[in-house]
Structure formats: structure tokens, C-alpha cells
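Presented below is the structure to which this report refers.
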Amino acid sequence: DRMIHGMNGRKTLLMAMWLGVFLLGDLFLLYGYDNTWRLWNIPTLSPSFADLRAITGAADSYALGYDPLVYNPGDPWGRKMNYPRIWQVLCALGIDQRYTVLIGVLFAALFIAGIFLSLPETIDNATAYVLLSAVFSPAVLLGIERGNTDLFIFFLLSITISLFSTNSKRLTAAGSASLLLAFMLKLYPLFGSLIIVRRR
Numbered sequence: 132d133r134m135i136h137g138m139n140g141r142k143t144l145l146m147a148m149w150l151g152v153f154l155l156g157d158l159f160l161l162y163g164y165d166n167t168w169r170l171w172n173i174p175t176l177s178p179s180f181a182d183l184r185a186i187t188g189a190a191d192s193y194a195l196g197y198d199p200l201v202y203n204p205g206d207p208w209g210r211k212m213n214y215p216r217i218w219q220v221l222c223a224l225g226i227d228q229r230y231t232v233l234i235g236v237l238f239a240a241l242f243i244a245g246i247f248l249s250l251p252e253t254i255d256n257a258t259a260y261v262l263l264s265a266v267f268s269p270a271v272l273l274g275i276e277r278g279n280t281d282l283f284i285f286f287l288l289s290i291t292i293s294l295f296s297t298n299s300k301r302l303t304a305a306g307s308a309s310l311l312l313a314f315m316l317k318l319y320p321l322f323g324s325l326i327i328v329r330r331r
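So the sequence shown is residues 132 to 331, counted in our numbering.
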């Protein structure tokens, strides 16, 4: 009975997530993009996914011969690319502002996938409701509206947790690689290395 109850919690969360995303999409179409975010008191910036544009705009700055960590005119607000230099790999791949919306939506989808990756096999409905309220909280939705890179970092750390939960040395090694990538993209995932100590 406990296993069935736990499975119902995951199913409840999954169905509620899909419903929430569907309703959010409907609000965008019927009520308007800016008006929808205002329901959560989230101020919008135009163009959308503003945090992400500091990175995608760096490709334009790089093409002009500038170092976007110093001067980043490709960003709509003229902000420096305040991220580790590894993000400039995207510049070499030709990923510029044209891909911002695509990457922003991808980050949001990976964030949601990461929630299910990091969950235990069984959860109850109460846990599902708490997680649901957290995902659709103003703080998280602000990160989604801005296309914040922390969404992708969360996904990488979720992969790490999931792989370290197995008994496979190869999968554990892959989890370590995911943790290392997260650390290279942003410094704070270094604290995730405690999972290695716990594993030992």
C-alpha cells in the first residue's frame, strides 16, 4: 500500500505539472505575456529571457572583436557576461540571440525533468503538493521568465543525485562528470561534492 501511495504522489505531481504548464500557456495566449507574469508580481523585461541574453548576446560581441566578459554590446542592456568563460563555447558554436527563446524553453523543460530525476522512487501526495507550490512560486517562475542558468545547473545536479543513487561505478563516474560540469558553469555546485564524501 505504501508503494502504491508513493507512486500516486509522483503521478499526482506529473499530472499537476502538465496541467500547470498548459494553463500557463493558455494565459499567455488569452491574457498576454506581461499580464500573466504580473499575476505573480513578476516584472517582465523585453526581449524575454533577459538573464540568458547576457550569454547569447556575447556571440555578437565576440564577432565584433570584443571580450564579452569586459565589454558586451551584444547584450540588449549592455551588461557584461558575468559567467565563467566556458560559456563562450556557445559563441564558437554560433549560438547567438536568435537561439535565446529556444534555449530558455529548454532550460525550463530540463528544470522540470530534474525535479523528477532527483526525487526518491516513492513520494506521497502531500510532498507532491509542496513541490508543486514551490515550482509555481514567484521565485522559481522569475527564474523561468528570465531564462536563468540556475535552471540548467539544477538539472545537472539532479543528474548527479540520480546517478549517485545507483550501485554502478560507471554511473557514479558519470554523476561526478555532471557535477564537475555544473561547477565549471557556476562555482557554487562545488558544495555538491559533499555527495562524494557521503557515498564513500
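Heads up, the beta-carbon is just placed ideally off N, CA and C, and yes, glycines get one too.
(Q) One question on the structure: do Gly306 and Gly278 come within less than 8 Å of each other, judged by their Cβ atoms? (A) no
Q.
Quick check on DSSP: helix, strand or coil for Val232?
A. helix
Q) How about Pro199 and Ala189: do their beta carbons lie closer than 8 Å? A) yes
(Q) Nearer than 7 Å: is that true of the beta carbon of Leu233 relative to any heavy atom of the ligand FMN? (A) Ligands displayed in this structure: none; no statement on the ligand FMN is therefore possible.
Q: Measure from the alpha carbon of Val201 to the alpha carbon of each residue in Leu160, Asn213, Leu195, then state which is nearest.
A: Asn213
Q: Give the secondary structure of Ile135 by DSSP, where H, G and I count as helix, E and B as strand, and everything else as coil.
A: For Ile135, the predicted structure reports a pLDDT of 44, less than 50, and the residue's modelled location is therefore unreliable. The matter cannot be settled from this model.
(Q) If the criterion is Cβ atoms closer than 8 Å, does the pair Phe159 and Thr167 meet it? (A) yes
Q | Under the three-state DSSP convention, the category Trp171 falls into | A | coil
Q) What residue range is occupied by the uninterrupted alpha helix (DSSP H) comprising Ser289? A) 281-295
Q) DSSP on Gly205, reduced to helix/strand/coil? A) coil
Q.
Once the 5 residues before and after Tyr319 are set aside, which same chain residues still bring their CB inside 7 Å of it?
A. none
Q: Give the secondary structure of Leu221 by DSSP, where H, G and I count as helix, E and B as strand, and everything else as coil.
A: helix
Q: Kindly indicate the opening and closing residues of the alpha helix (DSSP H) around Tyr193.
A: 189-194
(Q) I'd like to check one pair, Leu282 with Gly274: are the Cβ atoms closer than 8 Å? (A) yes
Q.
In the DSSP assignment, the alpha helix (DSSP H) including Ser309 goes from what residue to what residue?
A. 300-316
Q. Ordered along the chain, which non-local residues of its own chain (more than five positions away) have a Cβ less than 8 Å from that of Leu248?
A. Phe286, Ser289, Ile290, Ile292, Ser293
Q | Test item: CB-CB of Thr187 and Ile226 under 8 Å | A | yes
**Q.** Local Cβ density within 10 Å of Ile135, reported as buried at 16 or more and exposed below that
**A.** For Ile135, the predicted structure reports a pLDDT of 44, less than 50, and the residue's modelled location is therefore unreliable. A value from the coordinates is still provided. Under this definition Ile135 is an exposed residue.
Q) Nearest-angstrom Cα distance between Gly156 and Val232? A) 15 Å
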